[in-house]
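Peer 1: Residue numbers (the numbering used here): 5 to 233.
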């Protein structure tokens with residue numbers, strides 16, 4: 005593993021690419037639906053087009069609201085975020101028939117970096133069960149002693165081999181691209197929050213924990229201006 009530091013401009017560009025990737029599919033579906041409405045006269049087809057536009061707009065909104073909290077500034081320096089808002093955007097993002105979200109984080113105002121870390125860990129937990137399953141999210145402690153535990157249970161539950169190194173800030177071959185930036189960014193936020201992330205795996209079961217790091221005070225991580233809400 006090679007120690008790695010990403011330039012702030014590259015971090016901004018890669019995170020922007022990640023956000024665009026997340027919303028381009030539903031936005032494209034909205035465009036397709038509008039084209040059908042313009043050209044199609046059949047009432048049934050127009051009904052299908054309207055349903056597609058409605059569902060795609062809801063999906064795009066859910067992804068943008070999640071990204072705003074997970075990657076954006078979400079307030080001024082030192083701001084806190086309501087964990088109830090974090091639960092809301094996560095439920096919107098993971099609202100499908102394949103995945104069940106069990107949320108056991110008390111509703112409190114929490115350091116925005118810790119909330120951002122929690123949301124980014126939710127993305128990693130979701131990616132661990134591509135066929136769907138159950139994601140359990142819980143926290144213990146409060147303030148500087150808060151810790152998170154996320155469990156993903158499902159068929160072929162697994163963590164991509166590159167994730168642990170990215171979380172540690174040591175990407176393989178010293179390269180981070182748009183596909184890898186989310187896990188790398190999660191590692192940056194964890195470090196800024198004074199937390200260490202560990203991942204353990206068992207058959208059909210992945211556990212992600214974030215606990216206070218020894219002798220590491222929380223510090224502010226500045227999100228590039230281009231991503232501020």
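The beta-carbon is built from N, C-alpha and C at its ideal position, and this holds for glycine as well.
I need the boundaries of the beta strand (DSSP E) containing residue 151, first residue and last residue.
Peer 2: Along the chain shown, read from residue 1 onward, the residue named residue 151 stands at position 147. Unbroken beta strand (DSSP E) run through residue 151: 151-157.
Peer 1: So for residue 215, helix, strand or coil by DSSP?
Peer 2: Numbered from its first residue, the chain shown carries residue 215 at position 211. Residue 215: strand per DSSP, three-state reduction.
Peer 1: Sort 189, 209, 210 and 206 by Cα distance to residue 10 and report the nearest one.
Peer 2: As a position in the chain shown, residue 10 is number 6, starting the count at 1. Ranking the options by Cα distance to residue 10, first place goes to 189.
Peer 1: Would you check if the segment 197-215 and the segment 100-108 touch, i.e. whether three or more CB-CB distances between them fall below 8 Å?
Peer 2: no
Peer 1: Among residues of its own chain, excluding the 5 on either side of residue 144, which ones have a beta-carbon nearer than 6 Å to its beta-carbon?
Peer 2: Along the chain shown, one-based indexing puts residue 144 at 140. Cβ within range, chain order: 151.
Peer 1: Based on DSSP bridge pairs, tell me the residues matched to residue 114.
Peer 2: For this step, residue 114 is matched to residue 110 along the chain shown. 85, per the DSSP bridge assignment.
Peer 1: Here's the rule I'm using: 16 or more other beta-carbon atoms within 10 Å means buried, otherwise exposed. How should residue 28 be labelled?
Peer 2: Taking the chain shown and counting its residues from 1, the one referred to as residue 28 is at position 24. Per the 10 Å Cβ criterion, exposed.
Peer 1: Indicate whether residue 217 and residue 199 have their beta-carbon atoms separated by less than 8 Å.
Peer 2: For the purposes of this step, residue 217 is identified with residue 213 of the chain shown, where counting begins at 1. For the purposes of this step, residue 199 is identified with residue 195 of the chain shown, where counting begins at 1. Yes. Within cutoff.
Peer 1: I need the DSSP call for residue 163, collapsed to helix, strand or coil.
Peer 2: Taking the first residue of the chain shown as position 1, residue 163 is located at position 159. Three-state DSSP puts residue 163 in coil, outside helix and strand.
Peer 1: Enumerated in chain order, which unbroken segments of the alpha helix (DSSP H) with a length of 4 residues or greater are wholly contained in the segment 7-46?
Peer 2: 12-43
Peer 1: Residue 56 and residue 84 look like a contact to me (Cβ under 8 Å); what is the Cβ gap, rounded to whole Å?
Peer 2: In the chain shown, residue 56 corresponds to position 52, counting from 1. In the chain shown, residue 84 corresponds to position 80, counting from 1. About 38 Å separates the two Cβ atoms, so there is no contact after all.
Peer 1: Going straight from the alpha carbon of residue 61 to that of residue 48, what length do you get?
Peer 2: Locating residue 61 in the chain shown gives position 57, where the first residue counts as 1. Locating residue 48 in the chain shown gives position 44, where the first residue counts as 1. In a straight line, the C-alpha of residue 61 is about 20 Å away from that of residue 48.
Peer 1: Can you list, in chain order, the residues of its chain with a C-beta nearer than 8 Å to that of residue 166? Leave out the 5 residues immediately preceding and following it.
Peer 2: As a first step, residue 166 is located in the chain shown; it is residue number 162 there, counting from the start. Taken in chain order, the residues that qualify are 175, 176, 184 and 187.
Peer 1: If you compare alpha carbons, which of 39, 73 and 69 is closest to residue 53?
Peer 2: In the chain shown, residue 53 corresponds to position 49, counting from 1. Of the candidates 39, 73 and 69, the one whose C-alpha sits nearest the C-alpha of residue 53 is 39.
Peer 1: Can you name the start and end residues of the alpha helix (DSSP H) that residue 185 belongs to?
Peer 2: Indexing the chain shown from 1 puts residue 185 at position 181. From DSSP, the alpha helix (DSSP H) with residue 185 extends over 185-197.
Peer 1: Taking its Cβ as the centre, do 16 or more other Cβ atoms sit within 10 Å of residue 80, making it buried, or is it exposed?
Peer 2: Locating residue 80 in the chain shown gives position 76, where the first residue counts as 1. Residue confidence for residue 80 is low, a pLDDT of 48 falling below 50, so the modelled location carries little weight; the figure read from the coordinates is stated next. Its Cβ having fewer than 16 others within 10 Å, residue 80 is exposed.
Peer 1: So, with DSSP's three-state summary, where would you put residue 99?
Peer 2: As a first step, residue 99 must be located in the chain shown, where it is residue number 95. Note: residue 99 maps to coil in three-state DSSP.
Peer 1: Could you spell out the range, first to last residue, of the beta strand (DSSP E) harbouring residue 142?
Peer 2: Position 138 of the chain shown, counting from 1, holds the residue named residue 142. 137-144 is the extent of the beta strand (DSSP E) around residue 142.
Peer 1: Comparing C-alpha positions only, which one of 90, 201 and 86 sits nearest to residue 74?
Peer 2: Counting from 1 along the chain shown, the entry for residue 74 is found at position 70. Out of 90, 201 and 86, 90 has the C-alpha closest to the C-alpha of residue 74.
Peer 1: According to DSSP, which residues form a beta bridge with residue 94?
Peer 2: Along the chain shown, one-based indexing puts residue 94 at 90. Residue 94 is not bridged to any residue.
Peer 1: Whose C-beta lies closer than 8 Å to the C-beta of residue 123 among residues of the same chain, with five residues either side of it excluded?
Peer 2: Reading the chain shown from its first residue, position 119 is the one you call residue 123. The residues are 70, 73, 74, 90, 93 and 94.
Peer 1: Cβ of residue 75 less than 8 Å from any chain D Cβ?
Peer 2: The structure shown has no chain D; it contains just one protein chain.
Peer 1: Provide the residue(s) that pair with residue 209 in DSSP beta bridges, ordered along the chain.
Peer 2: As a position in the chain shown, residue 209 is number 205, starting the count at 1. For residue 209, which the question treats as bridged, DSSP gives the partners 157 and 206.
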